[in-house]
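I have placed the structure first, in the form of C-alpha cells, so that the comments after it can refer back to it.
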Amino acid sequence: MDLLDLPQARHGAAGEGAALTEPTPAPPSTAPAPTSSRTPQPRDSAARLQRRLLTTGGAATAALAAAVAVGLLGTALAIAQAWLLAHAIATAFQGGAGVDSLAPGLSLLALALAGRAGLGWASEVAAVRISARVKGDLRGRVMAAAVAQGPRLAAERSSARTALLATRGLDALDGFYARYVPQLVLAVIVPVAVVVCLAGVDLVAAATVALTVPLIPVFMVLIGRMSTTHRDRRWAALGRLAHRFADVVAGLPTLRAFGRADAQVATLRRVTDAYRASTIATLRIAFLSAMVLELLATISVALVAVGVGLRLQAGDLGLEVGLFALVLAPEAYLPLRRLGAEFHAAEEGVAAARDVFALLDEATGDRDWATGRPEASPASPGALRGEPPARIAALRIDGVSVVQPGRDVEAPADASAEVGPGEVVAVTGPSGAGKSTLLGAVLGFVTPTAGRVAVVGDDGAALDVIALDPDAWLARIAWVPQVPYLAPVSVADNVRLGAPGASDEAIAAALAAVGLGDLPLGRILGERGSGLSGGQRRRIGVARALVRRAPVLLLDEPTAGLDVEAERRVLAAVRAEADRGAIVLLVAHRPGAVEEADRTVAVRWRGLGPGTGDEPGDGRSPAAESPAAELPAAVGPGVGGVAEAVAGEFAEPVATAPAPPGSRP
Amino acid sequence: MSALVAVLRFGRPVTPRLLLAVLAGVGAAVCAIGLSATSAWLIARAAEQPPMFALMLAITGVRAFGIGRGLLRYAERLAAHDAAFRVLAELRAVTYGHLARLAPAGLAELRSGDLLARLVGDVDGLADLWLRILLPMASAGIATAGAVLVVGGLLPLAGGVLAATVLLTVVGGPLAAGAVARQAEGRLAPRRGELAEIALETLHGAPELVALGAAPRALAAVAAVSARLAAAERRSALGAGTGTLVAGLASGAAVWVSLLTGIAAVRSGSLAGVGLAVVALTPIAVHEVVAPLAPAARLLPGLATSAARVRELLTRPDPVAEPTDPAPVPDGTLGLRARSLRVRYPGAHSDALGPLSLDVAPGAHVVVTGPSGAGKSTLASACMRFLDPASGTLELVGIDGAVGITSLRGDDVRRAVGLCEQDPHVFDGTLGDNLRLARPEAGPDELEAALGAAGLLTFVHGLPKGLATRVGEHGARLSGGQRQRLALARALLADVRVLVLDEPTEHLDETAARRFAAELAKASAGRTLLVLTHRPELFSDAGWSRGPDLAARGS
C-alpha cells in the first residue's frame, strides 16, 4: 500500500520547508494557523486587515510616519546622488576637470552615499522598535480580551493557542511593520518623485517612466489573480506532502514491523517527483508576475537609455542630464520590485492579524467580564443589574441544564439543589457529567440553557445570578478551581489574591489550616507553580478562598491528589467555613469528601438529539468518551480544526470504547 | 560546515539541471549588469555625437539586455526550483532509506516525536542550500567576476575596489549581522520565555482571576514582562540593520572610489572619458545583483546545523548485522527460544534486557510480564530482529529444528514474526488504509474478523463512512482505546506465524481487556503468541501459559 498516495488530510500543512517560498527567506510561520471554526473570510479581507494593522493605534501610526519620513529622506538622497554622480562624470569627461576642482561635489556625493547606507540602517532600527511597540500594545489588548473571555468555561479556544498568539504569533508582525510597510511607502513616494525630477530636465524620459510604472501594479494584479488560487492550492499540496513524509517517518517502526518500509522509499521518490512536476507547472504561471515586473522595469530603463542616447547624439540633450536620467530611472522601479519580494512578510503579518483581530472582535461582541454583559446595551452598562442581597439566605439551583456549544449533551442535566448558610453540599457524578459547569453557572460564567441559579435573600426574594452585577456577585464568592492559578510571586501574595488586604497572620493561619504551615510565606513561586506538587497548589487555592471569608464557597475537587491527613485538614477547614455561616458547594470524587458533606447532589449528563439515548446510560462520561478529549496537547495549531472534524464525524457516543482510566483530569 | 559539504552529494544526481539553473542565473545577472554598463557607455559615447552607426551595437545591446534579464530570471527561477525539488526528493528518499534500516532500535533516542519531526524539518529545509545559497551565489559570483574583469580592464584599481566591496557585502555583512543577532538573541530568549510562561499561566487562570477580581493586577504583571521584552527588542534593534549598513557602505564606497580613481585616470589620460561612465556606474548594478545574497548567507549556520543532524543519522551504524549467507526460516508453526539472552541498544553502556531464558513452543500462547523498564519492548525488538543479541541466543523454533535469529535475514524474520508495538503508529489515512497496511490483499471478511476480535467492529459499523472514515494525524480523531484496538486489529490481520504483542491492553479498561484477551486467543488458534504485559492477570485463562518474569533493572 502506498501511504503517500492516500488522499490528503485537511490539516497538517505546518512545517513545510521554506524551500517553496520565493523570493524572500520566509521564516516558518509562528502564527497559529487560523482555525476552521471561524467563518471563512472574504477574499479581499487581506487588504482590510492590512489597513486595520496600520490604523490600530498610536504605535502603528508612528510606524507609518517613520516609514514616510525615511522614504522622503531616502528619495531626496537618491536624487541628490544621481545628480552629483552625473555632474561629476559629465564635468570630468567633457570639461576635463580633476578631482581637486570637483572636490565639493565629490564630498557631497560621499555624504549622500553614506547617508543612504545610514538611512537603510536607521529605517530598520526604527521599524523594529516601532514593531516592538505595536506588538506590546496588541499583546496587552489580546491578553485583556482573552482574560475577559476566560470565564466561558468550555471556551473552544485553548489557553495554549492564545498564549502562543499573544507571544510568538505577534512576532509575525515584525515583517509587516519592519519590511513591508516601509517598502509600500517607498513604492508610492519614489516613482512620483523620480517622474517629477525627470520632468524638470527631460520630459521624454519622465513620460517613459510615468507611463510604465503604473503598468507594473496593473499587470501584477492581473497575473496575481490568475495564479494565486493555483499557487495556493499547489503549495498547500506540497505542505501536505511534507506532512505525509513526517507521518511515514514517525510510523517507521510500524511500517518495518509489517515489512512495508522499503516500499515507501520508491513511493516517496515517485510521489515527491510527481508533486514536483505539477508544482513546476503551477510555478510557470506564478513566476509570470515576477517576470512581467522585471521585464517592465528593465525594458523601461532600456527605453530611457536608448532614448536619451539618441537625443544626445542628435545634440538635443546635455550629457549631465542624460546621465542623471540613466541613474535615476532604475530607482523608480526598485521599490516596486522589492515590494513584490516582501509580499510574504505582508502575508504572514496578515495571517497573525487575522487571529488577533478575530479574538479582539469576539471579545467586544461577547460578554465582557471587565465591563459588562451582553444583555445590557453598551450605552448603559450595569443599568439592569441588581446587587446581591446583603445577607444570603440560600443558594437555589433550580433544574439547571447546560448544553455547551457544539456538544450534543446536556451536562449537567436538570440539576437542582438548595444550599443554606452553614451547609456543606457535595456535588457528585461521573466525570463529564457537568459538575464544574454547574459551579460555573453559580458563578454566572455559564448561562444555563434551562433552569436557573438564584440567590435567596433574607426577605425570601430570589434573584437570578445572571441578573446580578457580576463584580458584586463574584465578590461574595470564593471559588477554588481544579487547578488554581499561581502567579510568579511569593506564597503569601498568591494567597492574598483572594483578599488584597489580608494580613500575613491571616495568610499564615489559612495556610496552616490546609496543612501548608511549613511553606515559607516569602517563597517565590517559579513558573507555572513549579516546585509545588499538584496537591500543594490546590491547597494554596483553598487557602486563598479561606482568607476571602466569602459567604459562598465553591470548591472543585479540592482534595484530589491529597493524602488522607491533608484531605482531613482541608475538609476540616471547609467545615469551619460552613460553621462560620458560609454556603459551601463541594465537587467531590473521593469518599472522604463526600462523607464530610451534609448532603449530596448527584449530577448527571443526558444525550440530546436523534440516535442517542435519552438516558445517562451507564454513567460513563461523555467528555472522556469524546475523541476530542483524547487530543494530545502537543498537536498544537490545528487542534480547533480537528476538534471540529471530530464533532462532525464522530458525533455519536462511542459506546465500544471506554475511556482510558485517568487519561484526563 | 563540513556537514554542509557532506550533504552536497545529494545534488549530484541533478547536476545538469543545477548547471542549467546557474547558466540562466548568470545570464540574468549579466543582463542586469550589462544593461547598466552598456547604457552608461551608450550615453557617454552619444554625447560625443558620433555617427549613428557607431551607436547601433550599443543600442541593440541595451535593448537585448533589457528584455533578456526578465526572461532569463524567469528561466532561472523555474530551473532552480525544479532542481531544488529534485534534490529534495533525493534527500527524502535517501534519508528515509537510512531511517528504514535503523528504525526502531537504531533510533532509540529519536523516538520522541519531537526529535524525529525536527529531523524531517532538517531534511526539507536543506533544499534551501541549493535554492537560496548555492545557485544564487554561483550565478551572482560568475557574473560579478565578469564585471570585475571588464571594469578592471578599463581601470585595474576600480576592478579591485569592486571585488573587495562585493566580498565585504557578501561575507563581511552576514558575519557582522550574525554576530550582532546572536548577541541580541541571547538577551531576548530568556525574556521571551518569561513572557510565554506568564501569558500561559494568566490565561489558564483567567476564570479564577476574574472571579477574584484580580484580572487587572494579573494583566499588569503580564504587561510589565511584555515591556521588559520590548525594551530588550529595542536594544537589540540597534544591531538589526548591521547587514544593511555594511552592504550600503560597501556599495557606496565602490561607486565613490571608482568615480574618484576614474576622474584621476581620465585626467592623466589612462582612461577614456567614455570609460569613466562605465567605471562609475557599473558598481551600482553589481551591488544590486549581490545584495540579496547577504540575507541568504544568514541562513548558513542554521543549514549547517540541519546538515550535521542529517549526516549524523546517515553515518549511524546499522543496529543489526545481516548474515552474509542467510539461513531459511523453518517451515510450519514457529516458536521462540532464548538462552541467556542479553540485549543492548547501540551506544548504550548497559543491557536493556537479560539474561533471559524463554521457551515459546510452536503454537503456544505465552505471557511474559515485568515492571516498566524491565525490557519488554527490547525483547519485542529482538524477536523482530530490530536488534541483535549482545550475548546468548535467540532462535526461531520450527517443527524440524531451530535456527539462530542472527543467521536469518531481518526481512525474512519479519515475514514470519509480527509485532503490535506498545505505542503503535496510526497513519493519517482511513481506518481501512491503516488495517490493510498489515495485509494489502485482505478482503472485507478478513477485515471484519480482525475488527471483531479487537472489539472495534460495532464502532466501525456505527460510523457513517465505515472503514473509509479518516482517523486524523496520529489517529487524533480516535480515542486512546480506539487507537489501540485499531493497532490490535491490524496486528491480527497480519499473516504471521508468531505474533508479539507489547502491552496490548494499554488504554483498555478491565472488562474490555479481558474480552480482548479471550478474543485474541480465539482468533489465534494455531498461531504462536507472545504477550508482553504488566497486567498478566488478564491472560490467566486456560490456554495461556506464563513465561518468565522480567526483573526490574536497576540502571
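Here the protein sequences come in this chain order: A and B.
Quick note: the first sequence uses the numbering used here, first residue -16, plus one each step.
Quick note: the second sequence uses the numbering used here, first residue -1, plus one each step.
Where is the CB? At the ideal position from N, CA and C, for every residue including glycine.
No experiment lies behind these values; they were computed from the predicted model shown.
Proximity test, Cβ basis, 8 Å: residue i and chain A
i         : result
Ile31(B)  : no
Tyr343(B) : no
Arg525(B) : no
Ala559(B) : A query on residue 559(B) cannot be resolved here, the shown segment of chain B reaching from -1 to 553 and no further.
Val220(B) : yes
Glu206(B) : yes
His556(B) : Since the first residue shown for chain B is -1 and the last is 553, residue 556(B) is missing from the structure and cannot be characterised.
Ser553(B) : Note on Ser553(B): pLDDT 39, under 50, position unreliable in the model; the coordinate value appears next. Ser553(B) does not count as touching chain A.
Glu320(B) : no
Ser224(B) : yes
Leu40(B)  : yes
Ile403(B) : no
Pro317(B) : no
Arg185(B) : no
Cβ-Cβ separation, residue j to residue i (assumed contact under 8 Å), whole Å
i         : j         : result
Val288(B) : Val164(B) : 5 Å
Ala235(B) : His285(B) : With a Cβ gap of about 25 Å, Ala235(B) and His285(B) do not count as contacting.
Ala540(B) : Gly453(B) : Wrong, their Cβ atoms sit about 21 Å apart, outside the cutoff.
Pro317(B) : Asp386(B) : 7 Å
Ala42(B)  : Val82(A)  : Not really, about 19 Å apart at Cβ, beyond 8 Å.
Val392(A) : Arg589(A) : 6 Å
Val168(A) : Ala50(A)  : 4 Å
Arg383(B) : Ala240(A) : No, Arg383(B) and Ala240(A) are not in contact; Cβ-Cβ is about 11 Å, not under 8 Å.
Glu471(B) : Asp426(B) : 5 Å
Three-state secondary structure assigned by DSSP to residue i
i         : result
Asp126(B) : helix
Gly440(A) : strand
Val497(A) : coil
Gly621(A) : Any reading at Gly621(A) must be qualified, since the residue scores a pLDDT of 29, below 50, and its modelled position is unreliable; the value itself is stated next. Three-state result, Gly621(A): coil.
Arg589(A) : strand
Leu504(B) : Correcting the residue identity first, residue 504(B) is Glu in this sequence and not Leu. The answer is coil: DSSP assigns Glu504(B) none of H, G, I, E or B.
Cβ of residue i within 8 Å of any chain B Cβ
i         : result
Tyr316(A) : no
Gly122(A) : As written in the sequence, residue 122(A) is Arg, which differs from the Gly given in the question. Yes, Arg122(A) counts as interfacial toward chain B.
Gly600(A) : Only weak support exists for where Gly600(A) lies, its pLDDT of 37 falling under 50; the value from the coordinates is given anyway. Closer than 8 Å: no.
Gly79(A)  : yes
Ala485(A) : no
Met274(A) : yes
Asp442(A) : no
Ile268(A) : no
Arg31(A)  : no
Leu569(A) : no
Ser142(A) : yes
Gly290(A) : no
Glu277(A) : yes
Pro395(A) : no
Ala543(A) : no
Ala45(A)  : no
Chain-ordered neighbours of residue i on chain E, where CB pairs are closer than 7 Å
i         : result
Ile282(A) : This model lacks chain E altogether, as its protein chains are A and B.
Residue(s) in a DSSP beta bridge with residue i
i         : result
Leu417(B) : Val498(B)
Leu656(A) : Lying before the first or after the last residue shown, residue 656(A) is absent from chain A, which here runs from -16 to 648.
Thr428(B) : Arg468(B)
Leu6(B)   : None, per the DSSP bridge assignment.
Residue i, enclosing beta strand (DSSP E) - first and last residue
i         : result
Asp185(A) : Asp185(A) -> no beta strand (DSSP E), and no H or E assigned at all.
Arg335(B) : 333 to 341
Residue range of the alpha helix (DSSP H) that includes residue i
i         : result
Ser234(B) : 213 to 235
Gly396(B) : That residue, Gly396(B), is in no alpha helix (DSSP H); it is neither H nor E in DSSP.
Ile140(B) : 133 to 152
Any non-hydrogen atom of the ligand MG closer than 7 Å to residue i Cβ
i         : result
Val192(A) : In terms of ligand content, the structure shown is empty, and the ligand MG therefore cannot be addressed.
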